[in-house]
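**Student:** Take any residue in the sequence shown, count from 1 to its spot, add 5: that is its number in the numbering used here.
For glycine and all other residues, C-beta sits at the position ideal for the given N, C-alpha and C.
My questions will all concern the structure given below.
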Amino acid sequence: MTRLTVNNEAVEYRLPADTPLLWALRDASNLTGTKYGCGTGSCGACTVDVDGRALRSCQVTLRQAEGAFVTTIEGLSRDRTHPVQLALIACNVPQCGYCIPGITMAAAALLKRDPAPSEAAIRAAITNICRCGIYPRLVEAIQRAGRAIRGDERLPAAPRPGIDPAEAARLVPALDPGHRPSDQR
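Right, dumping it as structure tokens:
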């Protein structure tokens, strides 16, 4: 049995000690925000905070995580109010969204250590792969999150989780499948 703290709750996994932390989080704890990407530690989709460090959970075994404090995207902020989440949304960073939980966790760990990182520090710390190419907006978003953490900037609130699709379509007509721009009718 492996004991650790996940999202501020004591957890005891009855899985083989060589099980990757990724699978314990996803399969045993149903924390599916941590994504499986490559399984080799290259892409960063599975990044979580382990004792204040951004680690690729596919490369950390339960044995290695014994006694650790682990934070997943679900534990960072369920209502999307963490400054990194707000800044990513404010800067229009998320596209397909698959890499965003890992990037968010890497950025949050960086900002815990350094709330005013340089562009070079951000590029060195955020090595996650994004197939959509969000990188040009990512540095600015992380710098904005740092300013918010320091109290130098206020970020707009993000859309609330669980928004009704009909309400979303009312607020953003392009989300309505029946909507056609006037020039296409």
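Since E14 is in the beta strand (DSSP E), which residue starts that stretch and which ends it?
**Tutor:** Where E14 is concerned, the enclosing beta strand (DSSP E) stretches over E14 to Y18.
**Student:** Does the beta-carbon of C137 have 16 or more other beta-carbons within 10 angstroms, so that it is buried, or is it exposed?
**Tutor:** Exposed, because fewer than 16 other Cβ atoms sit within 10 Å of the Cβ of C137.
**Student:** Measure the Cβ-Cβ separation of S62 and I134 and say whether it is below 8 angstroms.
**Tutor:** Cβ atoms of S62 and I134: not closer than 8 angstroms.
**Student:** To the nearest angstrom, how far is the alpha carbon of A10 from that of G80?
**Tutor:** The amino acid occupying residue 10 in the given sequence is Thr; Ala does not appear at that position. Rounded to whole angstroms, T10 to G80 spans 11 angstroms at the Cα level.
**Student:** So the alpha helix (DSSP H) T109 belongs to, where does it begin and stop?
**Tutor:** That run of the alpha helix (DSSP H) goes I105 to R118.
**Student:** By Cβ distance below 6 angstroms, which residues in the same chain neighbour I147 in space, the five residues on each side in sequence not counted?
**Tutor:** The answer, listed in chain order, is A112 and I127.
**Student:** Taking the alpha carbon of Q90 as the point to measure from, which residue in L116, A125 and A73 has its own alpha carbon closest?
**Tutor:** Ranking the options by Cα distance to Q90, first place goes to L116.
**Student:** Can you give me the C-alpha to C-alpha distance between D32 and A50, rounded to a whole angstrom?
**Tutor:** The alpha-carbon atoms of D32 and A50 are separated by roughly 16 angstroms.
**Student:** Do G38 and I78 have their CB atoms nearer than 8 angstroms?
**Tutor:** A contact, by the Cβ cut-off of 8 angstroms.
**Student:** Name the two residues that bound the continuous alpha helix (DSSP H) containing L67.
**Tutor:** Taken as a continuous stretch (DSSP letters only), the alpha helix (DSSP H) holding L67 covers L67 to A70.
**Student:** Please classify M110 as buried or exposed, where buried requires at least 16 other C-beta atoms within 10 Å of its C-beta.
**Tutor:** Classification of M110: buried, given that the 10 Å Cβ count is 16 or more.
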